[in-house]
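Reviewing the structure listed below.
Protein chains in written order, with the numbering used here: chain B, 44 to 411; chain U, 961 to 1284; chain R, 619 to 934; chain F, 21 to 535.
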């Protein structure tokens, strides 16, 4: 038993040690942040020259039927089902596009690269992607460009020169502002808040968390950041993590941010099952279908998200425009079917619009 | 062979300690964890937190019961995570499509039993190692699930379907299931011929055959039983939340296997108890929760968990060496 | 070995035939499949799993298993980045030092297994969590990017028109085949897997051999990490997740007995090629990723089943 | 040839617990048992003899229900039966004590006795209380009251395990008990104990099929003896009517005159010397000298420290104190590899587990201890390996298809020769042989004895450990007796009698058991 006791002491000591080393604020990346002004005045747009890449000797695809493959971060989650739906919708509307979605079953950079590589070989005309890692995906995308394939990103960007255009659902600082403002409104200016995210390595989430911290420091300085926990893209883990946070902080916890479309409904479920509806605010990114029960029960007041169906739709429209040659470097806007004209920002990005806030009143109108 | 082990007059306590060594180690670890974390953060000991630790991880403990039997019988199943994902999806789909709730519960369980009985048949009669068959099964179930659902989430399940959220006598039903199934499995393994045959086949297959046990049928039976437990785990998993993801829960099989092994089931077969595996599953759940309570930096969480597993394993090894 | 060889190679023959048939079918399904370009490119993609599978073959032949290789890959990748960027070491030094650390991680596995007598499955299950945890903790989830251009040669460069890592994999395969098949060390590896006690009683330094093998497993994972980082130009702590199962699948498909004592590098190489060909060929023929996973599962069970039936028909 | 036997059997058919008539069985086209008839009378000990491969094992497996005969008839109490499984044989009252002791190491003594036929409560659950009580009772009847019924079998000695198997047979109310080489792995004391158990079983009317190679036991115990050779029945005789040479010639088809060859030449210089060598509690303060050309016998009970001493010399469990000298020079031996390089070879007691890699071929096994020598550059020289194996097959008369045959397909004697060949190929100067002829038939046994004598004559120093007292006395030039981890006595050839050696071996038995 002596060794056992020793082992127990060592492990507990280690836990204690790490506890001391813990910092309250985790989860963000270390890139520079660019928080928006508190009152929402848009920052002066800095005109930037086109910094995307160009395919080498693409064949003339104008008006011709093209094959397009969509490789999202992973398949089998509600969010990318919705983007895939939008892509299919746009393809059907255009009539001259043959589009399909295929990708890894877990958000794994290596597998995603392999998928894209295979589709390059099979000879598609266009690739749509949502990158698991902006840098890791770059070489294979550059290879696609070299083979004359049109490459357009959405949702999660790569380095600019590795793709032609990127459809940006909403700027990081915009999302951050919407989330933090909603939280301050629902939970109070001095609320203690925690974050449930996927993993610390997921670029978009890490970026949002960094921007949220920066924005809150500037505009809601009294907000207390309690903790960030990882929960993969796993429903049950997210639920368990959120529950533990609720149990740990008790009444000190006034709000939970859900950073993924998995974490937000699971956190809402945790609050519901803990009987804390109305005492703990849930603000986060999520798809409306998963959130309807909680919004209708008034447990969740607002869900922030762009419309992912629109995002997929826009990405497909942009790709068609690029293939047809109607979208050229230097353009300031692009026509995107039913979405109308979309604005070009940051040189080679196309902005979908501001993030949308679903509430009890409007959530019934959406089905994705 | 220690002298005490041979003397017929040794005390019952000592026999108990040597017989259930690993279970006691795990139990003590849980107690130590509660004492230390409770001292640092009293909220850890609140009944709501303890309830959620148990309820949120009961399905892992239940799956580990079946896995323990498989390992005791000298086999292994690396596809159990995928199977649970498939069961959850079938159950959710049936419930949403309006089938009666008893069907939504029982059909997926029967499916799990059938699938695993098939795996068991293959393992028993072709002598292909179970790790190979279940590695293949893992691929088939995982790929098949995604092909069939395309990852469409299942929502809007009827309230009466959500068995895991019911709270008879104020305690979550998942906890009732965990306790009851562990008890039933323990009694079953101890007091039935089939239960003893599991140990016999895992300990010495040829001896089992000579003792009049049919090893093939036992292996198939164990796999089918494992299917039953995985099925129940899958139903609890499906009904815990309002959303079923329709995918394979990541790394679930590793968690389940680790729980069985840390709970004292010998990876070589023939020894172990389901009480140990349930305790180990609870220990993991407690560690997961305790690390958050202790403010262990989330970055280092997994490293600490790995270190603790390693410490448990080494302590067990030291204990066994002394017992020898 | 002469006497046993035909028997040992029987599974490999079945597998080779299967691979050939699969190649032919896939080539007929898609004209893009059987092109030099595609095949070379597939070689590039399978280099990391391939390197790990080679060492895994040794590990499994001794009757062990190493589940921590994916985590060692992740840890090595992170250390490479941290040594270079955060500690400011020159990149070549960082590469060497990170590789040494990865190798050391394998050595630690070996120590836990040989010194403390922990079953390999359990030991590496623990270090699977530990090494990945260290990678996450050390990196604090930050990626390291911006490596100099010359570094990308390992993962993206070509020598004589063939991807650099394919040369590495080819050389490593040849070396592994020679070591396992023709040297005293290889004999010792088989002997340990078939009967560890008898091997020890025959004067084989069992613990030393095992320690070498687990260390080599760490080294291969570290090497794969360098190639991986060079190929994807960034380091992340989640690199290599799940790689262990891919490697084990290839080795087992290659006919290595999970109980130890039997298996060849040729078999592993064939297993690797078959899996990669299926993944790639099916994708090119328009089968989606999830369909390919199902096919690989069926092929794994089927190939082992056929091999087992062959064995049964031969032996009484 | 056994006409009268057959008619006698037919006459009292009804009373016979089991009778086999004209049994044949083939495996993969090879006829292993050919038209064999065999019967048992209640309360008799019937010895079944024959060289390895004679068909004894197959015959008893047929009786035990593990194999089904291709032709022939099995009668139990006068009724023709066909056992589809061991369970049916059990039900018919036929139980087996297997040579390899088919027990479950992780289960308790009580459960091992009753597995497959556990007592049940009214509810159909296993009645552990009744089971433990009856286990206690059975073991007491077997004069084994010292066994703890709650002990896991993994902690028990071979002799104790065997008693559990016998208890298991009794628990089945067996009327026929088949004992397959029950004394092969037993030390002298346990053999005596077993024989008294067999006698008491006979008194209770149990018919015992007793398979053994050991002549003294046959003559001490058996009422009748049946001899098989190459799958055929050679004959069944009442024991008082036969003598040892007659049985041997029935078994091997020729007569073997000298079982223990005489010493050739003289002892040389001291080659191996141990001075105060210890290993934990198992080996205590061992000192002795071993000379060139000498066969030194190491006698003692199982657990007396004989094998442990050998393992210490061979570096498996390195010495914790004391000195080992070779040619007068002190050496450190920390691993079997080092021992081998110092010219020590060890033929271990457990052939299947420690001696051979059974799935591998003869040449692989022989090469394993000689890898350093059989290489060219970095590589194993396949030609040299094969040549080495062919040489060994010829030199030791190993009956095999060729160097590429897996050793698990060989008979026990031939397997032992492969182990010997492996170690002699290392050119040892000191050869330690632990139970060199355990489980080996008479013919092969004599060959191995001849070989040992020849090697000693060539100047090799041999340390022989054996549980068979006749072997120790017959082969050794000098006998050391171990007891409780120490050397308890030393006898030269002239003074080494069974009584003297036996007394020292068992002298402080009670104390050792308490330890």
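Glycine residues also receive a C-beta, built at the ideal position from the N, C-alpha and C atoms.
Inter-residue spacing [alpha-carbon to alpha-carbon] between residue 92 of chain F and residue 383 of chain F: For the purposes of this step, residue 92 of chain F is identified with residue 72 of the fourth chain, where counting begins at 1. For the purposes of this step, residue 383 of chain F is identified with residue 363 of the fourth chain, where counting begins at 1. Straight-line Cα distance between these residues: approximately 40 Å.
Under 9 Å, CB to CB, which of the residues in the segment 1091 to 1118 of chain U have a partner in chain B? For chain B, the residues of the segment 1091 to 1118 of chain U that bring a beta carbon within less than 9 Å of one of its beta carbons are 1102, 1103, 1105, 1106, 1109, 1110, 1111, 1112, 1113, 1115, 1116, in chain order.
Cutoff 8 Å: residue 986 of chain U Cβ touching any chain R Cβ: As a first step, residue 986 of chain U must be located in the second chain, where it is residue number 26. Not closer than 8 Å to any Cβ of chain R, the Cβ of residue 986 of chain U fails to qualify, so no.
Which residue spans inside the segment 165 to 219 of chain F form an unbroken alpha helix (DSSP H) run of at least 4? Taken in chain order, the complete alpha helix (DSSP H) segments of 4 residues or longer contained in the segment 165 to 219 of chain F are 178 to 191.
Identify which residue in R:907, R:769, R:639 has its Cα closest to the Cα of residue 585 of chain R. Limits of chain R in this structure are 619 at one end and 934 at the other, which puts residue 585 of chain R out of reach.
Could you say which of F:136, F:247, F:128, F:134 lies nearest to residue 70 of chain F if we only look at CA atoms? As a working note, residue 70 of chain F is residue 50 in the fourth chain. Closest by alpha carbon: F:247.
Take residue 221 of chain F and list the residues in its own chain whose beta-carbon comes closer than 7 Å to its own, dropping the five residues that flank it on each side. On the fourth chain, position 201 is the one that residue 221 of chain F refers to. Once the five neighbours on either side are set aside, the close Cβ partners of residue 221 of chain F are 197, 228.
For chain U, is any of its Cβ atoms less than 8 Å away from the one on residue 64 of chain B? One-based indexing of the first chain puts residue 64 of chain B at position 21. Here the model assigns residue 64 of chain B a pLDDT of 42, short of 50, so the residue's position is not dependable and the matter cannot be decided.
Tell me whether residue 470 of chain F sits in a helix, a strand or coil according to DSSP, three-state version. Your numbering for residue 470 of chain F matches position 450 in the fourth chain. Helix, per DSSP.
Say whether chain F places a C-beta atom closer than 8 Å to the C-beta of residue 1164 of chain U. Counted from its first residue, the second chain places residue 1164 of chain U at position 204. So yes, residue 1164 of chain U belongs to the interface.
Would residue 1016 of chain U count as contacting chain R if we go by Cβ distances under 8 Å? Walking along the second chain from the start, residue 1016 of chain U turns up at place 56. Answer no: the Cβ-Cβ gap between residue 1016 of chain U and chain R never drops below 8 Å.
Would you decide whether residue 435 of chain F is buried or exposed? Buried here means 16 or more other CB atoms lie within 10 Å of its CB. Numbered from its first residue, the fourth chain carries residue 435 of chain F at position 415. Buried.
Which stretch, first to last residue, makes up the beta strand (DSSP E) that contains residue 256 of chain F? Looking up residue 256 of chain F in the fourth chain gives position 236. That run of the beta strand (DSSP E) goes 252 to 258.
How about residue 272 of chain B and residue 1252 of chain U: do their beta carbons lie closer than 8 Å? In the first chain, residue 272 of chain B corresponds to position 229, counting from 1. In the second chain, residue 1252 of chain U corresponds to position 292, counting from 1. Annotated as proximal: residue 272 of chain B and residue 1252 of chain U, with beta-carbon spacing under 8 Å.
Any idea what DSSP makes of residue 1062 of chain U, helix, strand or coil? Locating residue 1062 of chain U in the second chain gives position 102, counting from the first residue. Of the three classes helix, strand and coil, the one that applies to residue 1062 of chain U here is helix, per DSSP.
Looking at chain U, which residues of the segment 908 to 921 of chain R have a Cβ within less than 9 Å of any of its Cβ atoms? Those would be 908, 909, 910, 911, 912, 913, 914, 915, 916, 917, 918, 919, 920, in chain order.
Just to confirm my understanding: we take residue 181 of chain B, look at its own chain, exclude 5 residues before and 5 after, and list those with CB closer than 7 Å. What are they? Residue mapping note: residue 181 of chain B aligns to position 138 of the first chain, counting from 1. The answer, listed in chain order, is 201, 202, 205.
Please determine, among R:766, R:880, R:740, R:869, the residue with the shortest C-alpha to C-alpha distance to residue 918 of chain R. Residue 918 of chain R sits at position 300 when you count from the first residue of the third chain. Of the candidates R:766, R:880, R:740, R:869, the one whose C-alpha sits nearest the C-alpha of residue 918 of chain R is R:869.
If you pair each beta-carbon of the segment 274 to 286 of chain B with each one of the segment 1199 to 1209 of chain U, do three or more pairs fall below 8 Å? Short answer: they touch.
Relative to chain R, which residues along the segment 1074 to 1092 of chain U have a C-beta separation below 7 Å, given in chain order? Look at the segment 1074 to 1092 of chain U: the residues with a C-beta under 7 Å from a C-beta of chain R are 1086, 1087, 1088, 1089, 1091, 1092.
Could you name the residues of the same chain whose beta carbon sits closer than 7 Å to that of residue 455 of chain F, not counting the 5 residues immediately before and after it, in chain order? Within the fourth chain, residue 455 of chain F is the residue found at index 435, counting from 1. 369, 485, 486, 487, listed in sequence order.
Quick check on the burial criterion: 16 or more other C-beta atoms within 10 angstroms. Buried or exposed for residue 67 of chain B? Along the first chain, one-based indexing puts residue 67 of chain B at 24. Note on residue 67 of chain B: pLDDT 44, under 50, position unreliable in the model; the coordinate value appears next. Exposed is the call here.
With three or more beta-carbon pairs closer than 8 Å as the criterion, would you say the segment 1121 to 1137 of chain U touches the segment 1197 to 1205 of chain U? Short answer: they touch.
Report, in whole angstroms, the separation of the C-beta atoms of residue 445 of chain F and residue 412 of chain F, which I expect to be a contact under 8 Å. Position 425 of the fourth chain, counted from the first residue, corresponds to residue 445 of chain F. Position 392 of the fourth chain, counted from the first residue, corresponds to residue 412 of chain F. So it is a contact: roughly 7 Å between Cβ atoms.
Residue 657 of chain R versus residue 414 of chain F - alpha carbon distance: In the third chain, residue 657 of chain R corresponds to position 39, counting from 1. In the fourth chain, residue 414 of chain F corresponds to position 394, counting from 1. Their Cα atoms are separated by approximately 52 Å.
Let's see if you can read the secondary structure: which residues bound the beta strand (DSSP E) around residue 267 of chain B? As a first step, residue 267 of chain B is located in the first chain; it is residue number 224 there, counting from the start. Residue 267 of chain B -> beta strand (DSSP E) spans 267 to 273.
Compare the C-alpha of residue 1236 of chain U against each of U:1248, U:1223, U:1228 and name the closest. For the purposes of this step, residue 1236 of chain U is taken as the residue at position 276 of the second chain. Checked all of U:1248, U:1223, U:1228; the closest Cα to residue 1236 of chain U is U:1223.
Along the segment 826 to 858 of chain R, what residues have a CB closer than 8 Å to any CB found in chain U? Taking 8 Å as the Cβ-Cβ cut-off against chain U, none of the residues of the segment 826 to 858 of chain R qualify.
Would you say residue 354 of chain F lies against chain U (beta-carbon separation less than 8 Å)? The residue labelled residue 354 of chain F in the question sits at position 334 within the fourth chain. So no, residue 354 of chain F is outside the interface.
Evaluate the contact criterion for the segment 638 to 649 of chain R versus the segment 839 to 858 of chain R: three or more CB pairs, one atom per stretch, below 8 Å. No: fewer than three Cβ pairs fall under 8 Å.
Measuring CB atoms only, is the segment 808 to 815 of chain R touching the segment 376 to 391 of chain F, in the sense that at least three cross pairs come out at less than 8 Å? Counting Cβ pairs under 8 Å, three or more are found: they touch.
Contacting positions in the segment 1244 to 1271 of chain U - beta carbon closer than 8 Å to chain R: Listed by position, the residues of the segment 1244 to 1271 of chain U near chain R (Cβ gap below 8 Å) are 1257, 1259, 1260, 1261, 1262, 1263, 1264, 1265, 1266, 1267, 1269, 1270.
For residue 396 of chain F, which residues does DSSP report across the bridge? Counting from 1 along the fourth chain, the entry for residue 396 of chain F is found at position 376. Residue pairing by DSSP places residue 396 of chain F opposite F:399 in a beta bridge.
DSSP state of residue 112 of chain B, grouped into three classes? One-based indexing of the first chain puts residue 112 of chain B at position 69. DSSP places residue 112 of chain B in strand when its eight states are reduced to three.
Environment of residue 701 of chain R [buried if 16+ CB atoms lie within 10 Å]: As a first step, residue 701 of chain R is located in the third chain; it is residue number 83 there, counting from the start. Under this definition residue 701 of chain R is a buried residue.
Looking at the secondary structure, which residues open and close the alpha helix (DSSP H) in which residue 132 of chain F lies? As a working note, residue 132 of chain F is residue 112 in the fourth chain. 129 to 134 is the span of the alpha helix (DSSP H), which, as asked, contains residue 132 of chain F.
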